[in-house]
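Beneath this line is the structure, given in structure tokens, with notes to follow.
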Amino acid sequence: MKKIFLASLVAASSLAQAEINNEPFTFIGFAGGMFNYKESGTITGDVNFETTPSNFQIFNYSGGYTAVGERTGFYINTVSTLYATTDDESWTFSAPTGSGEHQKNKVTSNYNAIDFLFGYLLDGGHQLVVGTGYRRTLMDRNSFLAGSDVGTFNDVRYAGENTSLTEAEYDNKYGLSFTDGQIVNYTETFTNFMAQVGYRYDTRFKTSGTGPRWQWGAMLGVPVYYEAVNTSKPQYNFSSMFDGYNFDTYLGYGWRFSENLGILAKVNYSYRLRGELKENIGYNAELNRNRYAIIPENVVSFWNVGLNGYWNF
């Protein structure tokens, strides 16, 4: 009976060890999907505005995992896109006294990310991860045209002001106009440094054998520092801390062909929210109020489907 008990302990110990396969790997992959941007806010007179451009993007994923000990390791992963252009970005507004489209333009977007993550393996392929991340989103706008309702846009803005100016005087000095180069081409660059925590599951962490492979996970991030640079307003400093969040998730299925090689089809989704940033320009006597330079609340999200190649070493 004692021998049977000892044998059972040895078998159980071997099974527990078999559930942890902490091996390093590197990967590279490509995916195609939709990149979406949303910018919205409210200006004087309860005038709400919004733009939601999107375009098809090619994404490149690369990186790897380095095992340290039996259960721990770290990731360095990157994501980047090409430059993609939307020819018909539309800006719309709504107010108690009118609504419509006030501006159209072209917009080109580009996205880059890098993560530095520490992982701790639980049994059965489960892993807890924490770390830092960097995100950069670029939006370049040009070819500005008046929307069909730009006149109404100026009307509702004037109606919301407390000013002694006539409407003609107001439009001439503060109205939205597309003549005489009033709107210049500009680029907005959003950079973020984040703290992240998440969970991952990967059958590769259970066994080094060939065959099917499942992978999924999710990450939640908080921007430790967020900065926006607008080339049309270079004199202003737009930045914040701990305002907004990131959420990333993925699901993958593939095959490990040998000890070293495998492929994985993967679906990725990412969502990033950042709050409004503004700088006080100063008091304007004609408008009887302070004026502000603003970077509106904005959302970057994307989904894509692609294929990754893995090399285990």
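Here the sequence shown stands for residues -18 to -1, 1 to 295, numbered as in mature numbering (1 follows the signal peptide of the UniProt record, and there is no 0).
Heads up, the beta-carbon is just placed ideally off N, CA and C, and yes, glycines get one too.
Since the structure is predicted, the reported quantities are computational estimates derived from the model, not experimental observations.
Work out the CA separation of residue j and residue i for me, nearest whole Å.
i: Asn92; j: Asn280; result: 15 Å
i: residue 317; j: Tyr57; result: The shown model of the chain, from -18 to 295, leaves out residue 317, and the question about it has no answer.
i: Val132; j: Thr90; result: 23 Å
i: residue 296; j: Phe100; result: A question about residue 296 goes unanswered here, because the residues of the chain that appear run from -18 up to 295.
i: Gly28; j: Gly142; result: First, the residue type needs correcting, since residue 28 is Asp and not Gly in the sequence shown. Asp28 and Gly142: Cα-Cα distance of roughly 7 Å.
i: Pro35; j: Thr192; result: 43 Å
i: Gly244; j: Ser44; result: 15 Å
i: Asn174; j: Pro205; result: 6 Å
i: Gly180; j: Ser130; result: 46 Å
i: Glu71; j: Glu32; result: 11 Å
i: Gly51; j: Gly203; result: 27 Å
i: Phe135; j: Leu127; result: 14 Å
i: Tyr218; j: Glu261; result: 7 Å
i: Glu1; j: Phe220; result: 49 Å
i: Lys20; j: Tyr207; result: 20 Å
i: Pro278; j: Phe295; result: 46 Å
i: Glu149; j: Gly157; result: 9 Å
i: Phe7; j: Met176; result: 25 Å
i: Thr161; j: Phe284; result: 35 Å
i: Asn228; j: Trp237; result: 30 Å
By Cβ distance, which residues of its chain are closer than 6 Å to residue i, with the 5 residues on each side in sequence left out?
i: Phe9; result: Asn290, Tyr292
i: Ile96; result: Thr60, Tyr116
i: Trp198; result: Tyr183, Leu233
i: Ser125; result: Asn87, Lys88
i: Asp137; result: none
i: Thr74; result: Glu32, Glu83
i: Gln109; result: Gly101, Leu103, Arg182
i: Asp69; result: Lys88
i: Tyr65; result: Thr90, Asn92
For my contact list, residue i and residue j are in at a C-beta cut-off of 8 Å; report their separation, rounded to the angstrom.
i: Lys215; j: Gly234; result: That pair is no contact at about 42 Å.
i: Thr114; j: Phe98; result: 5 Å
i: Gly107; j: Thr185; result: 5 Å
i: Arg139; j: Thr26; result: 7 Å
Could you pull the start and end residues of the alpha helix (DSSP H) that residue i belongs to?
i: Tyr156; result: 149 to 156
i: Asp97; result: Element bounds for Asp97: not the alpha helix (DSSP H) but the beta strand (DSSP E), 80 to 103.
i: Thr134; result: 132 to 141
Going by the CB atoms, is the gap between residue j and residue i shorter than 9 Å?
i: Val282; j: Tyr251; result: no
i: Phe103; j: Asn212; result: The amino acid at residue 103 is misidentified as Phe; the sequence shows Leu. Taking 9 Å as the Cβ cut-off, Leu103 and Asn212 do not qualify as a contacting pair.
i: Asp225; j: Arg256; result: yes
i: Thr67; j: Lys88; result: yes
i: Ser62; j: Asn18; result: no
i: Asp122; j: Thr169; result: yes
i: Ala200; j: Thr171; result: no
i: Ser190; j: Glu241; result: yes
Leaving out the 5 sequence neighbours to the left and right, which residues in its chain are closer than 8 Å to residue i when beta-carbon positions are compared?
i: Ile263; result: Asn272, Arg273, Tyr274, Ala275
i: Gly14; result: Phe38, Gln39, Ile40, Phe41, Asn286, Val287, Gly288
i: Gly11; result: Asn42, Tyr43, Ser44, Leu246, Lys248, Gly288, Leu289, Asn290, Gly291
i: Glu268; result: Thr145, Ser146, Leu147, Lys155
i: Ala(-12); result: Because the pLDDT at Ala(-12) is just 39, under 50, the model does not fix this residue reliably, and the value given afterwards should be weighed accordingly. Around Ala(-12): no qualifying Cβ.
How is the beta strand (DSSP E) around residue i delimited, first residue to last?
i: Phe56; result: 54 to 63
i: Gly257; result: From DSSP, Gly257 is part of no beta strand (DSSP E); its letter is neither H nor E.
i: Tyr218; result: Here Tyr218 belongs to no beta strand (DSSP E), and DSSP marks it neither H nor E.
i: residue 342; result: Here the chain comprises residues numbered -18 to 295, so residue 342 is not present and cannot be evaluated.
i: Lys20; result: 7 to 25
i: Arg195; result: 193 to 212
i: Ala66; result: 66 to 77
i: Met223; result: Neither: Met223 is in no beta strand (DSSP E) and is coded neither H nor E.
For residue i, which residues in the same chain have their Cβ closer than 7 Å to its Cβ, ignoring the five residues on either side in sequence?
i: Ser159; result: none
i: Ile165; result: Phe126
i: Lys188; result: Glu1, Asn3, Gly106, Gly107
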